[in-house]
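Here is the structure we will look at, set down as C-alpha cells.
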Amino acid sequence: MAKRIIVVGGSAAGPKAAAKARRVDPHAEIILFQKDPELSMASCGYPYYVGGFFDDRNMLLSTPTGVVRNPQFYINAKGIEARAGVEVLSIDRAGKAITCRNIRTGEEGSLSYDKLILATGAVPKIPPVPGTGLKGITSLHSMKDADFLRGLRDSKSIRKAVIIGGGLIGIETCEALQLAGMEITVVELLPQLLTFLDWELAKIVENHVRTKANVITGNGIAAFLGENGQLTGVKLQSGTELPCELAVVAIGVSPNVRLAQAAGLEIGETGGIAVNAHLQTSDPDIYAAGDCIESVNRLTGRKTLSPYGDQANLQGRVAGENAAMGNTVTFPGTIHTGICKIFDFSAGSTGFCEAAARRNGFEDVITVINASTDKPNFMNGLLLVTKLVADRKTGRILGAQCIGPGNVSKQIAQWALAIQGGLTVEDLVHSDLPYAPPFSLAIDHFIATAHIMENKMKGRMKGISPLEVRGKLDRHENPFFLDVRGPDEFEQMRLGVGETLIPLGALRKRLNELPQDKNREIIAYCKISLRGYEAQLLLEANGWTNVKVMEGGIMAWPFPREK
Numbered sequence: 004m005a006k007r008i009i010v011v012g013g014s015a016a017g018p019k020a021a022a023k024a025r026r027v028d029p030h031a032e033i034i035l036f037q038k039d040p041e042l043s044m045a046s047c048g049y050p051y052y053v054g055g056f057f058d059d060r061n062m063l064l065s066t067p068t069g070v071v072r073n074p075q076f077y078i079n080a081k082g083i084e085a086r087a088g089v090e091v092l093s094i095d096r097a098g099k100a101i102t103c104r105n106i107r108t109g110e111e112g113s114l115s116y117d118k119l120i121l122a123t124g125a126v127p128k129i130p131p132v133p134g135t136g137l138k139g140i141t142s143l144h145s146m147k148d149a150d151f152l153r154g155l156r157d158s159k160s161i162r163k164a165v166i167i168g169g170g171l172i173g174i175e176t177c178e179a180l181q182l183a184g185m186e187i188t189v190v191e192l193l194p195q196l197l198t199f200l201d202w203e204l205a206k207i208v209e210n211h212v213r214t215k216a217n218v219i220t221g222n223g224i225a226a227f228l229g230e231n232g233q234l235t236g237v238k239l240q241s242g243t244e245l246p247c248e249l250a251v252v253a254i255g256v257s258p259n260v261r262l263a264q265a266a267g268l269e270i271g272e273t274g275g276i277a278v279n280a281h282l283q284t285s286d287p288d289i290y291a292a293g294d295c296i297e298s299v300n301r302l303t304g305r306k307t308l309s310p311y312g313d314q315a316n317l318q319g320r321v322a323g324e325n326a327a328m329g330n331t332v333t334f335p336g337t338i339h340t341g342i343c344k345i346f347d348f349s350a351g352s353t354g355f356c357e358a359a360a361r362r363n364g365f366e367d368v369i370t371v372i373n374a375s376t377d378k379p380n381f382m383n384g385l386l387l388v389t390k391l392v393a394d395r396k397t398g399r400i401l402g403a404q405c406i407g408p409g410n411v412s413k414q415i416a417q418w419a420l421a422i423q424g425g426l427t428v429e430d431l432v433h434s435d436l437p438y439a440p441p442f443s444l445a446i447d448h449f450i451a452t453a454h455i456m457e458n459k460m461k462g463r464m465k466g467i468s469p470l471e472v473r474g475k476l477d478r479h480e481n482p483f484f485l486d487v488r489g490p491d492e493f494e495q496m497r498l499g500v501g502e503t504l505i506p507l508g509a510l511r512k513r514l515n516e517l518p519q520d521k522n523r524e525i526i527a528y529c530k531i532s533l534r535g536y537e538a539q540l541l542l543e544a545n546g547w548t549n550v551k552v553m554e555g556g557i558m559a560w561p562f563p564r565e566k
C-alpha cells in the first residue's frame, strides 16, 4: 500500500517538500493543504509587484516557463493533490490523522497520514499599541496584502504613507510605494536601518534612502490615529504625529507554531518548532520546514530563526526526501545570508557583522573596510563598500557586509561560500576567480578585501575605521589629517575636518609640511584609501611612527562632507 504524506502549508517549504517527496517516491500519495487560495507564492516578489516592476499578478504564482501553479498544475505535472482554500485545524498524533475545514463551504473532515510535514510559515508581528484595527493599516506578508497595496498604487489615492520598521521588508516596501508617487516616512525603533549591517554601513544606506524618503531612527510607534475607523496618522514615542493615509507594519515575523503547539510538539527556545538535523520534530512521523522552525547557526551551533525564502526551499527539499525515504539527508543550518534592493543601492550580508560577532562570543575579531568599484572605470564600474569580519588568531572568516550600487550579490555569494567552507584570509588572497573587464577588476573587490585584511593582520596596514575617526573628532583629539588625493578631487568633495591636502605624487617632496614630531598621530586617506596606504608606508619609511589609514577613504565616510 502506498505511503500517504500530508503537507500542511502551500507557500515555499510545503510545495518544495511535496515535489521532492514525489521525485524520490513516485508511488506515494501526497496531499498538500493550503489555507489561502493561492499556491507556491513568490512572496519575496511582493514588493516588486506593488512597485510596478511587473504587472501580471500570475507571475508571482508561475513556474519559470510561465505555467500557473494551481491545483490542476500540481495534479497533472506532479501527481500531487493540492487542496487550496482548506485549513488544517488539528493533528491527532496518536491516531496519525489531521482534521481540516474548507474555508469556502465550512465543510470539515479528517484524513490519516503515514508521514506529516508542517510548513505553516510565520505570522507578521503587530505592535501592541492603540488603533491597530483602523482601515489603512497593513503588512506585506500575503498575496492579499500585495493585492491591497498594488490597488492603492494603481488608484493613486494615497499621498502619505508611513513604514513601521527599517528591515528588509520595510525598505523594499519603501521603494515600492515611493515609486507609486507616495511621500514615504520610514520609522525604525533602533538607531539604524538594516540591523544585519554594522552602524557605519547602515548609515551610508540611510543617507541613500533619505534622497528618496524621510527616515526616523531611534523612535517607535506609540499609537495609530484615526477618524471614523480610518487611519489618519501615527503617533511616535517621542510625541511626534505623522499624518498619513497608509501605514505598513514591517517589524518582523514570528514562527506560526499554533498547530504544532496544540498537538504537543516540542517548541524550541527561539519560539520555532524544534527539529533535528533531519528536520524531524519531537514526533518521529512529523517533519517541519520553513519559517515555522528553528534552525542552527553554523558558526556557533546555537539555535536561531531564519525566515528566508531560499532557506524554506532548501529545508522543504530535505523534509520531503526524509518523509518519503527515511532519514537519508540532513540540513546543516544557516549562516544568515541575505540581500535587498534599495532604490539604486543593494545591501547584503552573510555570517556575522562585527556587533553580532561580539554578541555571540567572538571577542578577538578584526575588521577591515574596502571601497572600490566592481568593474574598471572604463567599463562603468560602480562603487562597492565591504566590511569584512574575521577571527584575529585563526584568520577564519566570520562575516561580510557589502553595500553600494555595484554588484553586491556576487560579493556576498563569494563570502557566503568562504564562510561555509571554513576558509581563512590566507586561503582567499590567491583566489582564482573569473576575470574580464566587463565583469570585474583584475583583482576582484572580493580578493582585494582579503588582501587588505591580510596586510592589516600582518601589521603592514594600520587601519582605522571611519567610526573610530569620528570618535576622535568628537573627543576633540588632534590627529593630523592627511588627504593625498589630487586638487581637483579635493575641490569636488572633502571631509572638512581641518585636513591638509598633499597629493601622493608630491608627498616625497613635501615631507617638511608634516608634523615634525614623528610620534604625532597622522590619519591618511584618499577616495578609497589605496593611496592612503601608500602614504602610510612612505611616511613610516621616513621615520613617522603613528600613521593610520582611514579604511574605505572618503567613499566609506558615513557622516556629512563638504562639497
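Letter 306 of the sequence shown, counting from 1, is numbered 309 in the working numbering, and no numbers are missing.
Note that beta-carbon positions come from the ideal geometry of N, C-alpha and C, so glycine has one too.
Since the model is a prediction, treat every value here as computed from it, not as a measurement.
Alpha helix (DSSP H) segment containing residue i, residue limits
i	result
asparagine 210	202–212
threonine 452	448–460
serine 412	411–423
lysine 475	469–477
methionine 508	In the sequence as displayed, the identity of residue 508 is glycine instead of methionine. Residues 507–510.
glutamine 264	261–265
proline 490	490–495
8 Å contact criterion, which residue i and residue j should meet: CB distance rounded
i	j	result
alanine 291	alanine 322	7 Å
phenylalanine 483	proline 518	5 Å
lysine 23	glycine 319	7 Å
glycine 255	lysine 128	5 Å
valine 368	valine 392	6 Å
serine 46	glycine 312	6 Å
Three-state secondary structure (DSSP) of residue i
i	result
cysteine 295	coil
cysteine 103	strand
lysine 367	Residue identity check: residue 367 is aspartate in the sequence provided, not lysine. Aspartate 367 falls in the coil class under three-state DSSP.
asparagine 330	coil
cysteine 47	helix
glutamate 357	helix
glutamate 543	helix
arginine 399	strand
methionine 62	helix
glutamine 519	coil
tyrosine 290	strand
lysine 344	strand
isoleucine 557	helix
glycine 535	helix
glutamine 318	helix
glutamine 75	helix
glutamate 324	helix
glycine 312	helix
alanine 125	strand
leucine 137	coil
lysine 147	helix
Burial state of residue i, where buried means 16 or more other Cβ atoms lie within 10 Å
i	result
lysine 530	buried
alanine 15	buried
proline 490	exposed
glycine 168	buried
methionine 44	buried
tyrosine 116	buried
serine 2	Here the chain comprises residues numbered 4 to 566, so residue 2 is not present and cannot be evaluated.
proline 40	exposed
asparagine 325	buried
threonine 68	exposed
arginine 513	exposed
leucine 444	buried
aspartate 59	exposed
glutamine 495	exposed
Residue range of the unbroken beta strand (DSSP E) whose run includes residue i
i	result
lysine 23	Here lysine 23 belongs to no beta strand (DSSP E); instead the alpha helix (DSSP H) covers 16–27.
tyrosine 528	525–528
leucine 391	386–394
phenylalanine 484	483–486
serine 93	89–95
leucine 431	Looking at the DSSP string, leucine 431 is not in any beta strand (DSSP E); the run it does join, the alpha helix (DSSP H), is 428–431.
arginine 7	7–11
glutamine 250	A small fix is needed here, since residue 250 is alanine in this sequence, not glutamine. Start and end: 249–252.
proline 2	No answer is possible for residue 2: the residues shown for the chain start at 4 and end at 566.
alanine 445	Unbroken run through alanine 445: none, as it is neither H nor E.
phenylalanine 36	32–37
alanine 80	First-last for alanine 80: undefined, no H or E at that position.
glycine 112	111–115
Output the residue ranges of the alpha helix (DSSP H) runs that lie fully inside the region 153–237 and measure 4 residues or longer, sorted by chain position. Taking only runs of at least 4 residues, the alpha helix (DSSP H) segments lying wholly in the region 153–237 are 171–182 and 202–212.
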